[in-house]
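This report refers to the structure that appears directly beneath it.
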Amino acid sequence: MIKNRLKEILLKVKKKVFTGNLGNTLSTFKGTGLDFSEIKDYVIGDDVRAINWKSTAKGLGVKVNIFNEERELNVIIAYLISGSINFGTKRVKQDLMAEIMGYISYSALKNSDNLTTIFFDGNLEKIFKPTRKLGILEDTLGYALGLDSIGKSVDYDQFCTFINSSIKKKSLIFLIGDFYNDINISKISHKNEVYALIARDRFEENPSFKGDISLVDPTSLSEDNMSLDKSSLKEYRKLLSEHDDKLYKHFLTNRVKYGKIYTNDDVYLRISRILKA
Numbered sequence: 063m064i065k066n067r068l069k070e071i072l073l074k075v076k077k078k079v080f081t082g083n084l085g086n087t088l089s090t091f092k093g094t095g096l097d098f099s100e101i102k103d104y105v106i107g108d109d110v111r112a113i114n115w116k117s118t119a120k121g122l123g124v125k126v127n128i129f130n131e132e133r134e135l136n137v138i139i140a141y142l143i144s145g146s147i148n149f150g151t152k153r154v155k156q157d158l159m160a161e162i163m164g165y166i167s168y169s170a171l172k173n174s175d176n177l178t179t180i181f182f183d184g185n186l187e188k189i190f191k192p193t194r195k196l197g198i199l200e201d202t203l204g205y206a207l208g209l210d211s212i213g214k215s216v217d218y219d220q221f222c223t224f225i226n227s228s229i230k231k232k233s234l235i236f237l238i239g240d241f242y243n244d245i246n247i248s249k250i251s252h253k254n255e256v257y258a259l260i261a262r263d264r265f266e267e268n269p270s271f272k273g274d275i276s277l278v279d280p281t282s283l284s285e286d287n288m289s290l291d292k293s294s295l296k297e298y299r300k301l302l303s304e305h306d307d308k309l310y311k312h313f314l315t316n317r318v319k320y321g322k323i324y325t326n327d328d329v330y331l332r333i334s335r336i337l338k339a
């Protein structure tokens, strides 16, 4: 089963990346090169050496130059493991996350960038060290498809501590998960370019089932029997909406680009749109 799914994802990834331009999208990394991109308002943390004094002198606030730097990237993919990724109607989110990882990984490797792949829950579960070899893709995808996620949850404080202590070079970081935990990644977003790719299933966001049901928490493994009706489903959707609004606000505050990808989406198309947004 895993071997067949691995083969299917590899074929899909190689075909779509080869005929598309995802690799070119990854190659444009905002830095301090000579390829001018735009002028923007200064915000705390911007390099003062990039101030455009001519535009600033017009009295519309401090302006800075932004450049696109074409160079080798340090790409990090963080596959965030929690019990809730073992759910899905069309397919489980764990499988979806593996496919997302496949597209980003193959694009980076085809672009001859350094790729580091991390599997993280409460602690570091597995790391595939920096490489430019395409052969690593089969290993990382196989690991993602075969891992046991039940009973696990992501500790974002531990994750940020690990990234800051292990990754010294400014990096392009892709976080892949369903992001149902409380999250704080401000400690890594200020010095890296970060994307959050949110894997979800449409049914879990808008369930239509009504009646008696037995639910098992995939993280704590606790079981609860309840009766779902129109009122309880409405409250569930409200709580989830509030959670996601808080999540998006955190991403925006910390300049993290993000987007949702559902289990029934065209994954390549969704990733392309998120990266170009």
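Per the working numbering, residue 63 is the first one in the sequence shown, and the count goes up by one each step.
Ideal placement from N, C-alpha and C gives every residue a C-beta, glycine not left out.
task = Would you kindly report the start and end of the unbroken alpha helix (DSSP H) that includes residue 226?
result = 218-228 is the extent of the alpha helix (DSSP H) around residue 226.
ask   = Which first and last residues belong to the alpha helix (DSSP H) in which residue 202 is found?
value = Per DSSP, residue 202 belongs to the alpha helix (DSSP H) from 198-208.
query = Short check: CB of residue 235 to CB of residue 254, under 7 Å?
reply = Note that the C-beta distance between residue 235 and residue 254 is below 7 Å.
inquiry  = Checking 7 Å against the spacing of the C-beta atoms, do residue 322 and residue 260 come in under that value?
reply    = Between residue 322 and residue 260, the gap from beta carbon to beta carbon is short of 7 Å.
query = How would you call residue 333, buried or exposed, if buried means at least 16 neighbouring beta carbons within 10 angstroms?
reply = Taking a 10 Å sphere around the C-beta of residue 333, we find 16 or more other C-beta atoms and assign the residue as buried.
request  = Starting from residue 67, trace the beta strand (DSSP E) both ways and give me its first and last residue.
outcome  = From DSSP, residue 67 is part of no beta strand (DSSP E) but of the alpha helix (DSSP H) over 64-81.
message = Quick check: what's the CA-CA separation for residue 178 versus residue 190?
response = Rounded to whole angstroms, residue 178 to residue 190 spans 6 Å at the Cα level.
ask   = Can you tell me the Cα-Cα spacing of residue 336 and residue 320, whole angstroms?
value = Their Cα atoms are separated by approximately 7 Å.
query = Terminal residues of the continuous beta strand (DSSP E) containing residue 260?
reply = Taken as a continuous stretch (DSSP letters only), the beta strand (DSSP E) holding residue 260 covers 255-262.
message = Using a Cβ distance threshold of 8 Å, determine whether the segment 144-164 contacts the segment 199-207, with at least three qualifying pairs required.
response = Cβ pair count under 8 Å is three or more, so yes.
query = Closest to residue 206 by CA distance: which of 194, 187, 195 and 220 is it?
reply = If we check each option's Cα against that of residue 206, 187 comes out closest.
request  = Would you mind giving the Cβ-Cβ distance between residue 380 and residue 155, rounded to the nearest angstrom? I have them listed as a contact below 8 Å.
outcome  = An answer regarding residue 380 cannot be provided, because it is not within the stretch 63 to 339 covered by the chain.
request  = Assign residue 105 to one of two classes, buried (16 or more other C-beta atoms within 10 Å of its C-beta) or exposed (fewer than that).
outcome  = The residue is exposed, with fewer than 16 neighbouring Cβ atoms inside 10 Å.
With 16 other Cβ atoms within 10 Å as the buried cut-off, status of residue 110 = So residue 110 counts as exposed.
query = Does DSSP classify residue 122 as helix, strand or coil?
reply = Here residue 122 sits in coil by DSSP.
query = Does the ligand NAD have a heavy atom nearer than 6 Å to the CB of residue 223?
reply = You won't find the ligand NAD in this model; it holds no ligand whatsoever.
inquiry  = Using the Cβ count rule (16 or more neighbours within 10 Å means buried), how would you classify residue 78?
reply    = Burial state of residue 78 is buried, judged by a 10 Å Cβ sphere holding 16 or more other Cβ atoms.
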